[in-house]
Amino acid sequence: MPSKSKSPYKFSYTDAIQGKELHNYFGNRVLESRASGGRVVAVKVKPTEGFARSEADMMHYASQQPGILAPQVLGCYDVDPGITVTVSDLVEGESLDNVWHTMTKAERKSIKQQLKEQLRLFRQCTQPYIGRIKRQETKNFYDRIHIHYMGPFESEEEFDSWCLERVKSPIAKKIWAQLLPGMRETGEQKFVLTHGDLAARNIMVKDGKITGIVDWEYSGFFPEYMEYALAAVIHDGLEGWWKPHLKEILEPCGFKRAKFTAAIKWRGW
Numbered sequence: 002m003p004s005k006s007k008s009p010y011k012f013s014y015t016d017a018i019q020g021k022e023l024h025n026y027f028g029n030r031v032l033e034s035r036a037s038g039g040r041v042v043a044v045k046v047k048p049t050e051g052f053a054r055s056e057a058d059m060m061h062y063a064s065q066q067p068g069i070l071a072p073q074v075l076g077c078y079d080v081d082p083g084i085t086v087t088v089s090d091l092v093e094g095e096s097l098d099n100v101w102h103t104m105t106k107a108e109r110k111s112i113k114q115q116l117k118e119q120l121r122l123f124r125q126c127t128q129p130y131i132g133r134i135k136r137q138e139t140k141n142f143y144d145r146i147h148i149h150y151m152g153p154f155e156s157e158e159e160f161d162s163w164c165l166e167r168v169k170s171p172i173a174k175k176i177w178a179q180l181l182p183g184m185r186e187t188g189e190q191k192f193v194l195t196h197g198d199l200a201a202r203n204i205m206v207k208d209g210k211i212t213g214i215v216d217w218e219y220s221g222f223f224p225e226y227m228e229y230a231l232a233a234v235i236h237d238g239l240e241g242w243w244k245p246h247l248k249e250i251l252e253p254c255g256f257k258r259a260k261f262t263a264a265i266k267w268r269g270w
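Residue numbers (our numbering): 2 to 270.
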């Protein structure tokens, strides 16, 4: 990522919170601001507790990969005790959830094809471990109460073992322990770039074209099934009308994987 010192994209706390609000989802605010050099940028303001700078590292990594429409990260730093901001390019257009209802059938089909191409490019980006770039831990998206992190994991088997510990029922845990080896991919293990939250609100479009995919909070390198499992099972906040379309676009995971993911998700409620 760009250097955080002496940056024209470094804001004071007051400046960071006074831009035009573009998005506010459960207290995670994104504002349009103007940097000291005049460049219009997006500023994501978030409590430091629960924010991992590795999220910015992942978005920066994605933005550097050919064809992937992730915003370029310009800086990430604390602006006040307890407040962290990420400054990035401002993506043109509107979020898909605001314009989908105005699109024709042909335009919707085109958007779905474009998103499918983005996913193809994601899968070309791999690492030999589960986690974030530079072997950093990633968000524990199974935990719906506390903010926790997980990993990195050196293999799918290690990841499955960690997940298995989240299953509360001893009987269910024993059954899954027997099933999991047959559910894993064989051969050389490569884990693919996963956005983790392909909600319509995170897909920016303009003139029928996807201009950017934002909010990389749940991103990391995971087994190929994970993008689908997150959309189909984990994320309760995914727009109900969008979920069927997204499931058409994503490569489905197996039935057993979906059931195992559900078994992990509900621990702690």
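All residues carry an ideal CB built from backbone N, CA and C; glycine is no exception.
- Boundaries of the alpha helix (DSSP H) around D58: R54 to S64.
- For Y150, the secondary structure class from DSSP, reduced to helix, strand or coil, is strand.
- Going by DSSP, V100 is part of the alpha helix (DSSP H) stretching over L97 to V100.
- Secondary structure of L23 (DSSP, three-state): strand.
- Excluding the 5 residues flanking it on each side, G197 has same chain C-beta neighbours closer than 6 angstroms at Y219, S220 and L231, in chain order.
- DSSP, read as helix, strand or coil, puts K169 in coil.
- Residue state for F142 is assigned as coil, using DSSP reduced to three classes.
- DSSP lists V41 as the beta-bridge partner residues of R35.
- By the Cβ rule, the region 52 to 68 counts as touching the region 204 to 223, because three or more pairs are nearer than 8 angstroms.
- In the structure shown, P182 adopts helical secondary structure according to DSSP, grouped into three states.
- Ranked by Cα distance from H147, the first of V44, F52 and K248 is F52.
- Shown here, T212 sits in a strand according to DSSP, grouped into three states.
- Take N141, set aside five residues on each side of it, and the residues of its chain with a beta-carbon closer than 7 angstroms to its own are H149, Y150 and M151, in chain order.
- Rounded to whole angstroms, the Cβ separation of V193 and T127 is 6 angstroms, and the two are in contact under 8 angstroms.
- In this structure, the CA atom of S156 is about 28 angstroms from the CA atom of V215.
- Rounded to the nearest angstrom, the gap between the Cα atoms of R40 and T87 is 15 angstroms.
- Apart from the 5 residues on each side of it in sequence, I84 sits with its Cβ closer than 7 angstroms to the Cβ of Y14, V46, P48 and T49 in its chain, given in chain order.
- Cβ contact annotation for G255 (same chain, cutoff 8 angstroms, sequence separation greater than five): M184 and Y226, in chain order.
- In the three-state scheme derived from DSSP, where H, G and I count as helix and E and B as strand, L70 is classed as coil.
- With contact defined as three or more Cβ pairs closer than 8 angstroms, the region 241 to 257 and the region 95 to 115 are in contact.
- Under the three-state reduction of DSSP output, Q137 falls in the strand class.
- The three-state secondary structure of V46, taken from DSSP, is strand.
- For T105, there is no enclosing beta strand (DSSP E), as DSSP marks it with neither H nor E.
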